[in-house]
Amino acid sequence: MKIISKIITMAAVAALAMPQMAEAQFKVSPDKYAVKFTDKNNNGYSLDRPEEFLTKKALDRRAKFQINLDDYDLPVNWAYVDSLRALGFKVQGVSKWLNCAVIQTDDSTELAKLDNLSFIDTGYKWLEVKDKTTSLPPVERPKLKDKKNKKPEEVQYVYDYGEGLNQAEMLNIPKLHALGYTGKGMTIAVFDAGFYKANQLSSFTKMFTEGRILGVRDFADNDTTVYDADNHGMNVLSCIAGNWSGQLVGTAPDASAYLFRTEISSSENIIEEFLWAFAAEVADSLGVDMIHSSLGYQKFDDNSVSYTRKQGDGNTTIGDIAADRAASKGIVVTISAGNG
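Everything in the sequence shown is counted per my numbering, starting at 4 for the first residue and increasing by one.
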């Protein structure tokens, strides 16, 4: 992940032109391309039978927040995906929210095969900024109570925070833990670049022995090995659910978690946002309560597709669209504000 402070003007102009071109495929890494499907017709699924593609926990979350099922919940037409494979393309993943697939080929001339496929939307404009006319009403600032003469409340420490006490107190975590807000019963999906040796560290022993690591998946390599990659996700997980008495206690030490690798730390390409979307859809289907992702995207190895400030409107990029969709399904989505 790279934190960017400014954008070069020429790159911004190129970024506006390149990704908005209407074509059968959108290049998202040196050898991977996103292709947009025209529809979900005849996919074999129905909103009347949601249990075929959503878990009970996912349906319960929707019911809790009175969220109706919609076409975004329906899977893609897998016949379209099979057709892409039959043409010799490797399929990296599919997205029902974006109604697309990401394919891989080392020979770009093979992409000409897509031009005659009736189910590919060749006119779709990826990353097109749409004019927004809706404005939000002003928010009245709440009046804060005068705490000048108020005595500090006594806090009962239910954990031994060790060297992590100072940072815990900065966030008022000990008080929340004393009130019972420890993450118990909550399921969090953590998206990151890897969780190096998290399955061997004392901070997570209790989490593993209690069966609160519910599943892992590497969306970049399409396998289930997340403990041999980058350690960034392990560090993030320790801040959330670590529980090593006398050393470090996280903000939600009793939470359950899915660990998903979506970030490729050796490069920076738009494919990583698609991997984020794939993971978010799986997390939604599994019924998670929350997604946390200490990742962000603005500048890429191919500078011609780096985002402009205009595209950073919260509604245009692949990551923004996926995060919005996850939130619309009742998931709390938190993203890091940056690295200090």
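No residue lacks a Cβ here, since even glycine has one placed at the ideal position from N, Cα and C.
Buried versus exposed, by CB contacts within 10 Å (16 or more), residue i
i, result
"E276", "buried"
"Q28", "buried"
"Q314", "buried"
"G165", "exposed"
"S248", "exposed"
"Q95", "buried"
"W100", "buried"
"M24", "With a pLDDT of only 49 at M24, under 50, the local geometry of the prediction cannot be trusted, and no value is derived from it."
"P256", "buried"
"R328", "buried"
"F281", "buried"
"S309", "buried"
"E284", "buried"
"F68", "exposed"
"D195", "buried"
"L359", "Given that the chain is displayed from residue 4 to residue 343, the structure contains no residue 359 and the question cannot be resolved."
"E266", "buried"
"S121", "exposed"
"A340", "exposed"
"G333", "buried"
"K30", "buried"
"L90", "exposed"
"G183", "exposed"
"S206", "buried"
"S241", "buried"
"K187", "exposed"
"L174", "exposed"
Segment limits, alpha helix (DSSP H) that includes residue i
i, result
"V285", "I274 to L289"
"Y83", "W81 to A89"
"T208", "T208 to T212"
"K178", "I176 to A181"
"S331", "I321 to S331"
"E166", "E166 -> no alpha helix (DSSP H), and no H or E assigned at all."
Strand pairing of residue i, partner residues [DSSP]
i, result
"L344", "Outside the shown range of the chain, which is 4 to 343, sits residue 344, and nothing can be said about it."
"D221", "D226 and R264"
"K38", "Looking at the sequence shown, residue 38 is not Lys but Val. For V38, which the question treats as bridged, DSSP gives the partners A104."
"S241", "According to DSSP, S241 bridges with nothing at all."
"S259", "T190"
Limits of the beta strand (DSSP E) - the one that residue i falls within
i, result
"A192", "T190 to D195"
"I294", "M293 to S296"
"K30", "F29 to S32"
"V335", "V335 to I338"
Residue i: CB within 7 Å of a non-hydrogen atom of the ligand ZN
i, result
"M237", "The model depicted lacks the ligand ZN and carries no ligand whatsoever."
Any chain C beta carbon closer than 8 Å to residue i
i, result
"I70", "Protein chains in the displayed structure number just one, and chain C is not present."
Quiz item: Does the stretch 51-67 come close enough to the stretch 290-299 to have 3 or more Cβ pairs within less than 8 Å?
Solution: yes
Quiz item: Should the stretch 230-240 be regarded as contacting the stretch 193-207, the criterion being three or more beta carbon pairs within less than 8 Å?
Solution: yes
Practice problem: Ignoring anything shorter than 3 residues or poking outside the stretch 49-132, list the beta strand (DSSP E) runs there in chain order. | Solution: 93-98 and 103-107
Exercise. May I ask you to verify whether the stretch 298-317 touches the stretch 206-220, counting CB pairs closer than 8 Å and requiring at least 3?
Key: no
Quiz item: Are there three or more Cβ pairs, one per stretch, closer than 8 Å when the stretch 216-232 is compared with the stretch 254-273?
Solution: yes
Quiz item: Per the contact definition of three or more C-beta pairs closer than 8 Å, is the stretch 34-52 in contact with the stretch 70-89?
Solution: yes
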